[in-house]
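Enquirer: My questions all concern the structure below.
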Amino acid sequence: MTVLSVQRQAGASLAAVLLVLLISYCTKLLRGCTHRPNRALPPKALEVAMRALYFLGLGGILDSTVRCGSDMLLTSSPWLAAMVRLACGSLWAAWGTSFWSGAEKDGSGFRAEFQRWPLWRLVKRYFADSMQMVLSVEWRSIKAEEIARKRSSPQYLVGMHPHGSFPFGGMVNGLTEIGDTTNLSVDPKGLSPTGKPLDQAGAEPWPREGTPSVHTRWFPYLRLRAAAASFCFWVPGMREIFLRCGIIDCSEPYMRRLLKQGLSVAVFPGGARESGFATPGVYRLYLRGRRGFLRLALESGVSVFACYTFGDEAIWHSLVDAPAWLSSVVQIAKESLGILPPVWLHLIPNRVPLTTVVGIPIDFSDLRPPPGEPASEENLDIAMSRYIDMLQSLFDANKGLVPGNHGSAKLVIE
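Mapping the sequence shown onto full-length UniProt numbering, position 289 (from 1) lands on 289, and the numbers just tick up by one.
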């Protein structure tokens, strides 16, 4: 390689770094996380400009990387190097049609048939066929009339815990068919919480949209979507999978819009900060400072229930006490992109049982503000206290009943 070529590559690398810094600020704007009142999203024209900067900037980084690699590996075939660059550029341009669709804002990318994708069966087989979604044993403590009322509700806000390095079990169990089992309770007799066999427990029809996954079998009128960090929709491949599963951008205005349309939304309140706690044997949640999802529930007038996935914390061994320099890099990525890059000690996930337990819904009707008014801080404190008590009870009641040796575990909620 000539000196001029090295200089060009160094200049391209510097430009790539500057573009990443610009894009990091754009990500904050796209997520609605800058200091605008009521966390409002940017104007349409500004959003288009930011998306263009992201798409073209990242495309430039990709082209620079491909060019450097081609110069090093294909020095004897300039035409082949040019074809590789052209192919990568064409693929990036094709992905741009999906990126510009904005389907992550309204969940329009959802495809019910994707819940039956054969890949999910392979995933379940990898985890020794031990992925399932079950009902908390606590459902047996309430009356049949109360169960029927909670089941018939068409809308909920669902709190998913823990976030883990990646909330693999909670998302796959809840949004695909592989979490579906003939036993919807942790009781080995296969009875529903009413004490009746499963085939006699629910006379309500399944919704026309969707498949008979656990949440649609037990909550037959539920149309569920999940929320994930904006960055997930900027990664080719991941974006398409998330959209087909019915996952939307976690920006508050988008979730509020879906709730107004009568859909239910599942959120991971712990977010990126909680993902830093994930390692086998650690049952630690970051929740007390995350009241936004409860504010959304109170102001939208919907009830809330929690799901806890035993095993999500143990999929990867993470480096908890990372060096200072590495912690700084991770923190910068968290602040810029809204995700916490995991520092794993291994890449291949542990084959652990992943059991998602569904808790009893909480009715916050006594804490809801008048229409159009914000929820008070006092009511949010009360709602958070109730939610934490319910989540702690859910964990303690089921930890010894699900597979995975969680019987002696203690849940820490910060």
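We treat Cβ as the ideally placed atom computed from N, Cα and C, and that holds for glycine. Note that the coordinates shown come from a computational prediction; the quantities given were computed from them, not determined experimentally.
#1: Name the DSSP bridge partner or partners of T356?
#2: Once you ignore the five residues that flank T176 on each side, which residues in its own chain have a CB closer than 6 Å to its CB?
#3: Roughly how far, in whole angstroms, is the beta-carbon of L158 from the beta-carbon of C250, given that I think they are within contact range, below 8 Å?
#4: Given that a residue counts as buried once 16 or more other Cβ atoms are within 10 Å of its Cβ, and exposed if not, what is V304?
#5: Tell me the DSSP secondary structure of A314 in three-state form.
#6: According to DSSP, is V302 part of a helix, a strand, or is it coil?
#7: Starting from V402, follow the beta strand (DSSP E) in both directions and report where the run begins and ends.
#8: Determine the extent of the alpha helix (DSSP H) in which I147 is found, giving its start and end residues.
#9: By the 10 Å Cβ neighbour count, where 16 or more other Cβ atoms means buried, how is I360 classified, buried or exposed?
#10: Hey, how far is the Cα of S152 from the Cα of I382?
#11: Below 8 Å CB to CB, which residues in the same chain sit around S77 once its five sequence neighbours on both sides are set aside?
#12: For L287, count neighbouring C-beta atoms within 10 Å of its own C-beta (all shown protein chains included) and say buried if the count is 16 or more, exposed if not.
#13: Closer than 6 Å by C-beta to N379: which residues in its own chain qualify, once you throw out the five before and the five after it? Chain order, please.
#14: Report back the beta-carbon spacing between Q392 and I413 to the nearest angstrom; my notes put them in contact at under 8 Å.
#15: Using DSSP with H/G/I as helix, E/B as strand and the rest coil, what is S192?
#16: For residue 418, which residues does DSSP report across the bridge?
#17: Helix, strand or coil, according to DSSP, for R121 in the structure here?
#18: Where does D284 fall in DSSP's three states?
#19: To which residues of the same chain is P236 closer than 6 Å at the C-beta, ignoring the five residues directly before and after it?
#20: Relative to the alpha-carbon of V84, which residue among G102, L62, K105, P280 has its alpha-carbon at the smallest distance?
#21: Between the beta-carbon of N398 and the beta-carbon of V66, is there less than 8 Å?
#22: On a Cα-Cα basis, can you pick out the residue from A128, G164, A409 that is closest to F277?
#23: Give me the Cα-Cα distance between F310 and E377, rounded to the nearest whole angstrom.
#24: Expressed to the nearest angstrom, what Euclidean distance is found between the alpha-carbon atoms of R290 and H406?
#25: Cα separation between K124 and T356?
#26: Here's the rule: buried if 16 or more other CB atoms are within 10 angstroms of the residue's CB, otherwise exposed. What is Q155?
#27: Which partner residues of V158 appear in the DSSP bridge assignment?
#28: Quick one, are the C-beta atoms of L263 and Y387 less than 8 Å apart?
#29: Under the three-state reduction of DSSP, which class applies to V235: helix, strand or coil?
#30: What does the alpha-carbon distance come out to for the pair residue 428 and A93?
#31: Alpha carbon to alpha carbon, what distance is there between S275 and Y283?
#32: Could you check what DSSP says for P207 in three-state terms: helix, strand or coil?
Expert: So, from the data block:
#1: For the purposes of this step, residue 356 is taken as residue 356 along the sequence shown, with counting starting at 1. Answer is M133, T309, bridged to T356.
#2: Mapped onto the sequence shown, residue 176 falls at position 176. Result list for T176: Q115, W120, in chain order.
#3: As a first step, residue 158 must be located in the sequence shown, where it is residue number 158. As a first step, residue 250 must be located in the sequence shown, where it is residue number 250. It is worth fixing the name first, because residue 158 is Val in this sequence and not Leu. Their Cβ separation, rounded to whole angstroms, is 13 Å, which puts V158 and C250 out of contact at 8 Å.
#4: Your numbering for residue 304 matches position 304 in the sequence shown. Classification for V304: buried.
#5: Counting from one through the sequence shown, the residue named residue 314 turns up at place 314. Looking at A314 - three-state DSSP - the assignment turns out to be helix.
#6: Translated into the one-based positions of the sequence shown, residue 302 becomes position 302. It is coil, neither helix nor strand.
#7: Locating residue 402 in the sequence shown gives position 402, where the first residue counts as 1. Taken as a continuous stretch (DSSP letters only), V402 belongs to no beta strand (DSSP E), as it is neither H nor E.
#8: As a working mapping, residue 147 is identified with position 147 in the sequence shown. Note, I147: alpha helix (DSSP H), 144 to 152.
#9: Position 360 of the sequence shown, counted from the first residue, corresponds to residue 360. I360 comes out buried.
#10: In the sequence shown, residue 152 corresponds to position 152, counting from 1. In the sequence shown, residue 382 corresponds to position 382, counting from 1. In a straight line, the C-alpha of S152 is about 26 Å away from that of I382.
#11: Within the sequence shown, the letter at position 77 stands for residue 77. Around S77: no qualifying Cβ.
#12: Residue numbering aside, residue 287 sits at position 287 when the sequence shown is read from its first letter. Result: buried.
#13: On the sequence shown, position 379 is the one that residue 379 refers to. So the list reads L367, once near-sequence residues are dropped.
#14: By 1-based counting over the sequence shown, the position of residue 392 is 392. By 1-based counting over the sequence shown, the position of residue 413 is 413. Right, the Cβ-Cβ distance comes to about 7 Å (below 8 Å), so this counts as a contact.
#15: Working through the sequence shown from its first residue, we reach residue 192 at position 192. Any reading at S192 needs caution, since the residue's pLDDT is 44, under 50, leaving its predicted position unreliable; the model's value is listed next. Residue state, collapsed to three classes: coil.
#16: Nothing can be reported for residue 418, as the shown portion of the chain is limited to 1 through 414.
#17: Residue mapping note: residue 121 aligns to position 121 of the sequence shown, counting from 1. In the structure shown, R121 sits in a helix (DSSP, three-state: H, G or I).
#18: Against the sequence shown, residue 284 aligns to sequence position 284. As written in the sequence, residue 284 is Arg, which differs from the Asp given in the question. Three-state DSSP puts R284 in a strand.
#19: Looking up residue 236 in the sequence shown gives position 236. The answer, listed in chain order, is W95.
#20: Locating residue 84 in the sequence shown gives position 84, counting from the first residue. Checked all of G102, L62, K105, P280; the closest Cα to V84 is L62.
#21: As a first step, residue 398 is located in the sequence shown; it is residue number 398 there, counting from the start. As a first step, residue 66 is located in the sequence shown; it is residue number 66 there, counting from the start. Going by C-beta atoms, N398 is not nearer than 8 Å to V66.
#22: Here residue 277 refers to the residue found at position 277 of the sequence shown. Per the Cα distances, G164.
#23: One-based indexing of the sequence shown puts residue 310 at position 310. One-based indexing of the sequence shown puts residue 377 at position 377. Computed Cα separation, rounded: 32 Å.
#24: Numbered from its first residue, the sequence shown carries residue 290 at position 290. Numbered from its first residue, the sequence shown carries residue 406 at position 406. Between R290 and H406, the C-alpha separation is close to 26 Å.
#25: Walking along the sequence shown from the start, residue 124 turns up at place 124. Walking along the sequence shown from the start, residue 356 turns up at place 356. Taking the straight line joining both Cα atoms gives about 14 Å.
#26: For the purposes of this step, residue 155 is taken as residue 155 along the sequence shown, with counting starting at 1. Counting Cβ neighbours within 10 Å, Q155 comes out buried, since at least 16 surround it.
#27: The count along the sequence shown starts at 1 and reaches residue 158 at position 158. Beta-bridge pairing links V158 to A266, F305.
#28: The residue given as residue 263 occupies position 263 in the sequence shown. The residue given as residue 387 occupies position 387 in the sequence shown. Going by C-beta atoms, L263 is not nearer than 8 Å to Y387.
#29: In the sequence shown, residue 235 corresponds to position 235, counting from 1. V235 falls in the coil class under three-state DSSP.
#30: Nothing about residue 428 can be reported from this structure: the residues present for the chain run from 1 to 414 only.
#31: Stepping through the sequence shown from its first residue, residue 283 is reached at position 283. Stepping through the sequence shown from its first residue, residue 275 is reached at position 275. Whole-angstrom Cα-Cα distance: 11 Å.
#32: Walking along the sequence shown from the start, residue 207 turns up at place 207. Confidence at P207 is low in this model, with a pLDDT of 32, below 50, so its placement is unreliable and no value can be given for it.
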